[in-house]
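Participant: Protein chains in written order, with this note's numbering: chain A, 1 to 138; chain B, 1 to 293. Ideal Cβ placement from N, Cα and C applies to all residues, glycine included.
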Amino acid sequence: MLPVDSAKRSMDEIQTLTQALEALKSESSKVGGLERDLVAANALLDEQAAGIKASAHLIQTLQAQVAELQAQVAAAAVSEIKVNEALAAVGVAPVEIPMQGAEAQQRSRDDLWAEYRSLSLYDRPAFFAKHRSSMSTI
Amino acid sequence: MSNTIAGVSLAEISQMSLPALQSVFAPLGSICTDFSDELSSGGASITTRYPVNPSTKDFSSGYSPDAVSMVARTITLDQFEGVSYGFTDLERTKSAIMLNDLFILPAATALGRKVFGSIWNLVTAANFAATPIDKAAASFGRGDIIDAGATLTAAGAPSEGRSVILNPYYYAAIEKSFISAEIPGFPIQKTEGLVPRVSKFDIYQSDQADDNGEDLKGFAYQRSALLMAARRVDSTGFEQVGEVEDFIIPGLNLPVQLRRYYDAPNGQLVYTMGLLWGVQKGRTEFGVRIIES
Numbered sequence: 001m002l003p004v005d006s007a008k009r010s011m012d013e014i015q016t017l018t019q020a021l022e023a024l025k026s027e028s029s030k031v032g033g034l035e036r037d038l039v040a041a042n043a044l045l046d047e048q049a050a051g052i053k054a055s056a057h058l059i060q061t062l063q064a065q066v067a068e069l070q071a072q073v074a075a076a077a078v079s080e081i082k083v084n085e086a087l088a089a090v091g092v093a094p095v096e097i098p099m100q101g102a103e104a105q106q107r108s109r110d111d112l113w114a115e116y117r118s119l120s121l122y123d124r125p126a127f128f129a130k131h132r133s134s135m136s137t138i
Numbered sequence: 001m002s003n004t005i006a007g008v009s010l011a012e013i014s015q016m017s018l019p020a021l022q023s024v025f026a027p028l029g030s031i032c033t034d035f036s037d038e039l040s041s042g043g044a045s046i047t048t049r050y051p052v053n054p055s056t057k058d059f060s061s062g063y064s065p066d067a068v069s070m071v072a073r074t075i076t077l078d079q080f081e082g083v084s085y086g087f088t089d090l091e092r093t094k095s096a097i098m099l100n101d102l103f104i105l106p107a108a109t110a111l112g113r114k115v116f117g118s119i120w121n122l123v124t125a126a127n128f129a130a131t132p133i134d135k136a137a138a139s140f141g142r143g144d145i146i147d148a149g150a151t152l153t154a155a156g157a158p159s160e161g162r163s164v165i166l167n168p169y170y171y172a173a174i175e176k177s178f179i180s181a182e183i184p185g186f187p188i189q190k191t192e193g194l195v196p197r198v199s200k201f202d203i204y205q206s207d208q209a210d211d212n213g214e215d216l217k218g219f220a221y222q223r224s225a226l227l228m229a230a231r232r233v234d235s236t237g238f239e240q241v242g243e244v245e246d247f248i249i250p251g252l253n254l255p256v257q258l259r260r261y262y263d264a265p266n267g268q269l270v271y272t273m274g275l276l277w278g279v280q281k282g283r284t285e286f287g288v289r290i291i292e293s
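1. Give the DSSP bridge partners of G274 of chain B, in chain order.
2. Going by Cα to Cα distance, which pick from B:T284, B:V241, B:N266 and B:L21 is closest to F103 of chain B?
3. Identify the continuous alpha helix (DSSP H) that holds V115 of chain B and give its terminal residues.
4. Can you tell me the Cα-Cα spacing of L38 of chain A and A50 of chain A, whole angstroms?
5. Is there a C-beta anywhere in chain A that falls below 9 Å from the one on E297 of chain B?
6. In three-state DSSP terms, what is F247 of chain B?
7. Please list the terminal residues of the continuous alpha helix (DSSP H) segment that includes I145 of chain B.
8. Tell me which residue opens and which closes the alpha helix (DSSP H) that M70 of chain B is part of.
9. Could you tell me which residues DSSP puts in a beta bridge with S45 of chain B?
10. Are the beta-carbon atoms belonging to G112 of chain B and V24 of chain B less than 9 Å from one another?
11. So A148 of chain B and I133 of chain B are supposed to be a Cβ contact under 8 Å. How far apart are they, rounded?
12. Step through the CB atoms of chain C and report whether any lies within less than 9 Å of the CB of D34 of chain B.
13. Got a sec: does the ligand GDP put a non-hydrogen atom nearer than 8 Å to the Cβ of A44 of chain B?
14. I want to know whether the stretch 246–253 of chain B touches the stretch 188–204 of chain B - three or more CB-CB distances under 8 Å.
15. Among the residues of its own chain, which have a CB less than 8 Å from the CB of Q15 of chain B, if the five just before and after it don't count?
16. Looking at the secondary structure, which residues open and close the beta strand (DSSP E) in which V8 of chain B lies?
17. Less than 9 Å between CB atoms is the rule here; does A129 of chain A satisfy it with respect to chain B?
18. According to DSSP, is R107 of chain A part of a helix, a strand, or is it coil?
19. Just to make sure I have the definition right: I need the residues of chain B whose C-beta is within less than 9 Å of the C-beta of R107 of chain A. Which are they?
20. Under a three-way DSSP split, which group does N3 of chain B fall into?
21. Just checking my contact of G141 of chain B with S177 of chain B at CB under 8 Å: how many whole Å lie between their CB atoms?
22. Kindly list the residues whose CB is nearer than 6 Å to the CB of G274 of chain B, restricted to its own chain and excluding five residues on each side of it in sequence; keep chain order.
23. Residues of chain B with a CB under 7 Å from the CB of S147 of chain A: which are they?
24. For chain A, find out if any of its Cβ atoms is closer than 9 Å to the Cβ of S9 of chain B; answer yes or no.
25. Would you mind telling me which residues of chain A sit closer than 7 Å to P250 of chain B, beta carbon to beta carbon, in chain order?
26. Which chain A residues are close to D101 of chain B, counting only those with a beta carbon under 8 Å from its beta carbon?
27. On the three-state DSSP scale, how would you describe A229 of chain B?
28. Compute the Euclidean distance between the alpha carbons of D12 of chain A and R36 of chain A, then round it to the nearest angstrom.
29. Which residue from B:K94, B:T93, B:S293 and B:Y85 puts its Cα closest to that of D351 of chain B?
30. By a C-beta neighbour count over all protein chains shown, 10 Å radius and 16 as the cutoff for buried, is S6 of chain A buried or exposed?
31. Please classify S17 of chain B as buried or exposed, where buried requires at least 16 other C-beta atoms within 10 Å of its C-beta.
32. With a threshold of 16 other CB atoms inside 10 Å of the CB of E27 of chain A, please say whether the residue is buried or exposed.
33. Consider the Cβ of Q280 of chain B: report whether some Cβ of chain A lies at a distance smaller than 9 Å.
34. Is the stretch 67–77 of chain B touching the stretch 213–231 of chain B in the sense that three or more CB pairs, one from each, lie closer than 8 Å?
35. By the 10 Å Cβ neighbour count, where 16 or more other Cβ atoms means buried, how is M135 of chain A classified, buried or exposed?
36. So, with DSSP's three-state summary, where would you put D46 of chain A?
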């Protein structure tokens, strides 16, 4: 049988070990939570990395398209120069194509009536019908 | 139209007149016409021609040509008529002058009636001697027009360009024949009084289709039966006192002349619409009179 002091000391040691074990369990639980946080943070990091990679790819695609369009513009400019050179070679100067509607709007009523007068009697009705809204005074 | 009578150019009035004139003179498309914007004067003559059915020949011995089968007819431009309206200073001041209602429509209608009357006066027994269709309006129908067509075909008339002009009562008889069980419902022909073609004849009516003193009620014809010519009137010198505007009715090419001048002694602005024309019979075997003896 142990003496009382020795028994009391043993009981204290057991209590201390129990407390230590509980403290260890608590710390172990905290470590587990931190590990889960770390996994979640890693997953988020991977996701962000994938997004950055996709954006980089999109930027590359758009840059390629811009380059292609710039090439087409350059080619068109070369074609226009060639067309103008070809027209100049055959003696035909490039001319503007008039917009009929806009031209009619620009012509005054007096201009239209003057043109009406220059037409034959047979052509006048169709001309008046076409420009009636601009010519009519009634 | 507003009261802009003095401010509206004759050219614009002429173009505004076209719808009314086209409507009034539409039946002229059913006869042979010789219209031109060349100048002429009243009493002058125009020679026009209509075709005669040619006969074939044996080509095995050659292609020697025959004389072109055309018959010449002289048409005297003896009809120089028009409508002349004056709008006094007071009228123009106190009220709106609706040109379309007060001048254009009445003038076009009056001219149309006069022209048609001159053509209708050619439809006599002396000119068109084929046996007439003798029917009362109550018993007149589409079958009679088919009979007239047979007479024209037997006379060698082309099947194209055939028309019938009827007085209002005989036209109504044809119109009523479509109000029958064979055409059920209410198609536009019934509701609007439109008479469709009958056996390739265009059907016209006119209140000017009088009896010509010969019980005449209508006339079935091919276009070569009636001839009309018209020319533009020489207006040289008129510009000293007023304005002149010649214009052509599209589709018919009929020349019409508008004039405007100020009648100072009477204080009125005068508008006239005039026409120079003449008519003549053509192929007399190509017409069948419709009478009620």
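Facilitator: Walking through what the data contain:
1. G274 of chain B is bridged by DSSP to B:G82 and B:Q257.
2. Here the closest residue by C-alpha is B:L21.
3. Where V115 of chain B is concerned, the enclosing alpha helix (DSSP H) starts and stops at L105 to W120.
4. Roughly 18 Å between the two C-alpha positions.
5. Chain B is shown from 1 up to 293; residue 297 of chain B falls before or after that span and cannot be answered.
6. F247 of chain B: strand per DSSP, three-state reduction.
7. Where I145 of chain B is concerned, the enclosing alpha helix (DSSP H) stretches over R142 to A154.
8. Note, M70 of chain B: premise wrong, no alpha helix (DSSP H); beta strand (DSSP E) at M70 to T76.
9. Answer by DSSP bridge pairing, in chain order: B:T76.
10. The answer is yes: Cβ separation under 9 Å.
11. About 6 Å separates the two Cβ atoms, so the contact holds.
12. Among the protein chains in the structure shown, which are A and B, there is no chain C.
13. Of the ligands one can find in the structure shown there are none, so the ligand GDP has no counterpart to examine.
14. Not touching, per the Cβ criterion.
15. The answer, listed in chain order, is F247.
16. Here V8 of chain B belongs to no beta strand (DSSP E), and DSSP marks it neither H nor E.
17. Chain B, which has a Cβ nearer than 9 Å to the Cβ of A129 of chain A, makes this yes.
18. Here R107 of chain A sits in coil by DSSP.
19. Those do not exist, as R107 of chain A stays about 16 Å from chain B at its closest Cβ, beyond 9 Å.
20. Residue confidence for N3 of chain B is low, a pLDDT of 40 falling below 50, so the modelled location carries little weight; the figure read from the coordinates is stated next. Reduced to three states, the DSSP call for N3 of chain B is coil.
21. Contact between G141 of chain B and S177 of chain B holds, with the beta-carbon distance rounding to 5 Å and staying under 8 Å.
22. If the five residues before and after G274 of chain B are omitted, its C-beta is found closer than 6 Å to the C-beta atoms of G82 and Q257, all from its own chain and listed in chain order.
23. Because chain A spans 1 through 138 in this model, residue 147 of chain A falls outside it and cannot be assessed.
24. Cβ-Cβ to chain A under 9 Å: yes for S9 of chain B.
25. Within chain A, P125 have C-beta atoms less than 7 Å from the C-beta of P250 of chain B, given in sequence order.
26. Under the 8 Å cutoff, chain A gives no residues; its nearest Cβ is about 13 Å from D101 of chain B.
27. DSSP places A229 of chain B in strand when its eight states are reduced to three.
28. The C-alpha of D12 of chain A lies about 36 Å from the C-alpha of R36 of chain A.
29. Outside the displayed range of chain B (1 to 293) lies residue 351 of chain B, so it cannot be described from this structure.
30. So S6 of chain A counts as exposed.
31. Using a 10 angstroms sphere on the CB of S17 of chain B, the tally of other CB atoms reaches 16 or more, which defines it as buried.
32. An exposed status is given to E27 of chain A, since fewer than 16 other beta-carbon atoms sit within 10 Å of its beta-carbon.
33. Answer no: the Cβ-Cβ gap between Q280 of chain B and chain A never drops below 9 Å.
34. Short answer: they touch.
35. Looking at its Cβ environment, which holds 16 or more other Cβ atoms inside 10 Å, M135 of chain A is buried.
36. Assignment of D46 of chain A by DSSP, reduced to helix, strand and coil, places it in the helix class.
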